[in-house]
Amino acid sequence: MNMAITNVAQVSLRGVDKVFTRPGKAAEPIHALGPIDLELRRGEFFAVVGPSGCGKSTLLELIAGLSTASRGEVAFEGRPIAGKIPEGVGVVFQEDASFPWLSVVDNIAFGLRRMNLAKGEREARIERALAMMGLGPFARSFPAQLSGGMRQRVCIARTLVTEPRLILLDEPFAALDQQTRLLMGDEVLNLWRKTGATIFLITHALDEATMLADRIGVMSARPGRLIDIVETGWPKDRDSRIVQEERFGAITARLWGFLREESIKAIGKPGAGGAGGKP
Amino acid sequence: MKPATLWRIGLVVALMLLLEGLCLTGFIDKLTMQPPHVMVADIVHMLVSGSLNAAIAKTLGNSAIAFGLAMIIGVAGAIGIHRFKAVRETLDPLFATYYAIPIFAFYPLLIILFGLGDAPEIFIGTMLGVVGVIVSTMNGLDRVPRVLLKTAQISGFGTLETAWRITLPYAAPYILSGAKLAVAYSLIGIIGAEFIMSSSGMGYEISFAYNNFDNATMYPLIILVLVVAGTLNAGLARWEKVLMIRRGLA
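Same order as they appear, the protein sequences are chains A and B. Using numbering that gives the first Met the number 0, the first residue of the first sequence is number 0, and each one after it goes up by one. Using numbering that gives the first Met the number 0, the first residue of the second sequence is number 0, and each one after it goes up by one.
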């Protein structure tokens, strides 16, 4: 599977809002997100950046079917999601989601438990995922014996074996050091090219979004709305060396131009915005 | 072998030697206690002659049933209680004071309810073990990271499959802590019940020997109970340690 980016919408969000009610009669509901209108094109790498607490992860959970929209509609390949986890979607979370009681190979095989695959096909998929994520020599190790970056690779491999058409990444490199993040970014770009899946990445790191994505959605402070979508225009066979490009700094600066005011709003210091502003 | 283990073995050996010395010098009279080497000889004789095999089989069999029931009811109960916050808030203080209840005092009532035979004893053994399992299992379930539950949701797992494939394996070391308690409490429950009212089993034999100054029967049986409980406990502790090592926690 190695599809090119098409203009066909794989995921569409129309007028999506998310409001959280709180226990207690006097408690005001929290308007966390929206309204959001967005289309993800099949095969593209789309990143979302935004200030802390703007609803980035809530947006991902709506697309994953882990949560339902208070208003509006979320659809995957033309079918409404409405809180039901769609087949063909894989999620990699920010936190370490490896199973500490299972070896690496059993962690990866876990993703296939509910798929009725022939033994040969099952083993082939596991082998491919191990090779793609460079985990072959550690197949019999337990997660506690691996570094944080390798554990995250195990989680990505567990998602990859199911051959998802849409991969949702919720700040997957947040706990890693800068060098490892760049290298993991290369690995994600590599698997994106190999699988042809659409990737939706949530991140707070502007450089990471700029390096990885074809398009970057910029979110406002809560309630999170998309205030801009930036096209990076990178070639598909890019890697982390793209950070040396002159345009890389310009894109990152543009993102920060949008986000600075929103981040100031998010941390509740309205007076701190006086010195800056949008470019 | 770790220094702590060597110290532990050394302490037990030293106490045994002290007891041996006190008994052989007559500081402790023969009517009160036999020297340890005589107790060991009595155990061998008792097992080889088979004189108390039926009592031993009955007690250990009933303890195994009580332990099994405590584990099944305890783990299932913990999963149920853990799901409902209100139920947990109601029961938590009761669990904290549970072991203050003199459950053996209910033995006559249990005979009325379950009749004569093994059932009241198994009930007491189960009831003594079950709360330790519930509390330990809930402790483990509390620690399951939210991200693993989200992973279960993404995998399309229902409540039972999530428990079987994710929450219980994660909580396994804590469940084993509960199992260690349940082994001891189930044995105490069964032997205590036999001690009070039964006409068979190791508890009854210990009680009978005690009343008749029969040290040659009483001490070997007590030591046998200690050996069984200690061996099972050590086995479970070893298993628990293996799980903890795999998780980088030991």
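No residue lacks a Cβ here, since even glycine has one placed at the ideal position from N, Cα and C. Values in this document were obtained by computation on a predicted structure and should not be read as measured data.
Item, Value
"Who are the near neighbours of Trp255 (chain A) in its chain, counting only those whose CB is closer than 8 Å to its CB and skipping five residues on each side?", "Leu205"
"Counting only Cβ-Cβ distances shorter than 7 Å, please list the residues of the stretch 66-95 of chain B near chain A, keeping chain order.", "none"
"What does Arg127 (chain A) touch in chain B if you count any residue whose Cβ is under 7 Å from its own?", "The premise fails here: Arg127 (chain A) is roughly 20 Å from chain B at the closest Cβ pair, so nothing lies under 7 Å."
"For the stretch 235-248 of chain B, which residues have a CB atom closer than 9 Å to at least one CB atom of chain C, in sequence order?", "Among the protein chains of the structure shown, namely A and B, there is no chain C."
"With a threshold of 16 other CB atoms inside 10 Å of the CB of Leu175 (chain B), please say whether the residue is buried or exposed.", "buried"
"What residues from chain B crowd round Arg150 (chain A), counting only those whose CB sits closer than 8 Å?", "What Arg150 (chain A) touches in chain B: nothing, since even the nearest Cβ is about 11 Å away."
"May I ask you to report which of helix, strand or coil DSSP gives Thr20 (chain A)?", "coil"
"With a cut-off of 7 Å, does the C-beta of Phe19 (chain A) fall near any C-beta of chain B?", "no"
"Between A:Ala265, A:Val153, A:Ile80, which has its C-alpha nearest Ala96 (chain A)'s C-alpha?", "A:Val153"
"Go to Glu43 (chain A), then tell me how far its alpha helix (DSSP H) extends in each direction, as first and last residue.", "Counting along the chain, Glu43 (chain A) falls outside any alpha helix (DSSP H), and DSSP gives it neither H nor E."
"By the three-class DSSP mapping on this structure, what secondary structure does Asp185 (chain A) have?", "helix"
"In three-state DSSP terms, what is Leu23 (chain B)?", "helix"
"In three-state DSSP terms, what is Arg180 (chain A)?", "helix"
"As a quick exercise: from B:Gly202, B:Asn232, B:Leu231, B:Thr230, pick the residue whose alpha carbon is nearest that of Tyr218 (chain B).", "B:Gly202"
"DSSP on Glu86 (chain A), reduced to helix/strand/coil?", "coil"
"At the 7 Å Cβ level, is Pro2 (chain B) part of the contact set with chain A, yes or no?", "no"
"Compute the Euclidean distance between the alpha carbons of Phe19 (chain A) and Ala31 (chain A), then round it to the nearest angstrom.", "7 Å"
"My understanding is that Gly188 (chain B) touches Lys57 (chain B), with C-beta atoms under 8 Å, so please give their C-beta distance in whole angstroms.", "No, Gly188 (chain B) and Lys57 (chain B) are not in contact; Cβ-Cβ is about 14 Å, not under 8 Å."
"Given a cut-off of 7 Å on the beta-carbon distance, is the pair Ile35 (chain A) and Gly64 (chain A) in contact?", "no"
"In this structure, does DSSP put Ile266 (chain A) in helix, strand or coil?", "coil"
"For Arg113 (chain A), return the contacting residues in chain B, with the cut-off set at a CB-CB distance below 7 Å.", "Ser154, Gly155"
"From Leu220 (chain B) to Ile42 (chain B), what does the alpha carbon distance come to, in whole angstroms?", "7 Å"
"Quick one: what's Arg214 (chain A) bridged to in DSSP?", "A:Phe45, A:Glu230"
"State the Cα-Cα distance for the pair Gly23 (chain A) and Arg192 (chain A), rounded to the nearest angstrom.", "49 Å"
"Measure the alpha-carbon distance for Gly229 (chain B) versus Ser185 (chain B) and round it to whole angstroms.", "13 Å"
"Under 9 Å Cβ-Cβ, which residues of chain A neighbour Ala171 (chain B)?", "Trp100"
"Is the Cβ-Cβ distance between Val110 (chain A) and Val160 (chain A) less than 7 Å?", "Note on identity: in this sequence residue 110 (chain A) is Gly, with Val being the wrong assignment. A contact, by the Cβ cut-off of 7 Å."
"Give the interface partners of Thr158 (chain B) over in chain A, defined as CB-CB distance under 7 Å, in chain order.", "Per Cβ cutoff of 7 Å: no residues; Thr158 (chain B) is ~15 Å from chain A at best."
"Identify the contact partners of Leu65 (chain A) in chain B, using a Cβ-Cβ distance below 9 Å as the criterion.", "Lys149, Gln152, Ile153"
"Would you list, in sequence order, the uninterrupted alpha helix (DSSP H) runs of no fewer than 4 residues that lie entirely inside the stretch 93-164 of chain A?", "103-109, 118-131, 147-159"
"Hey, does Val146 (chain B) have any beta-carbon neighbour from chain A nearer than 7 Å?", "yes"
"Tell whether a beta-carbon distance below 7 Å holds between Ile165 (chain B) and Tyr106 (chain B).", "no"
"For the stretch 52-86 of chain A, which residues have a CB atom closer than 9 Å to at least one CB atom of chain B, in sequence order?", "Glu60, Ala63, Gly64, Leu65, Ile84, Glu86"
"Report the start-end ranges of each alpha helix (DSSP H) in the stretch 130-173 of chain B that is 4 residues or longer and not cut off at the edges.", "145-153, 158-161"
"Say the cut is 6 Å; is the CB of Gly223 (chain A) nearer than that to a heavy atom of the ligand NAD?", "Ligands in the displayed structure: none, and consequently the ligand NAD is not present."
"For Gly223 (chain A), list the residues DSSP reports as bridge partners.", "A:Leu32"
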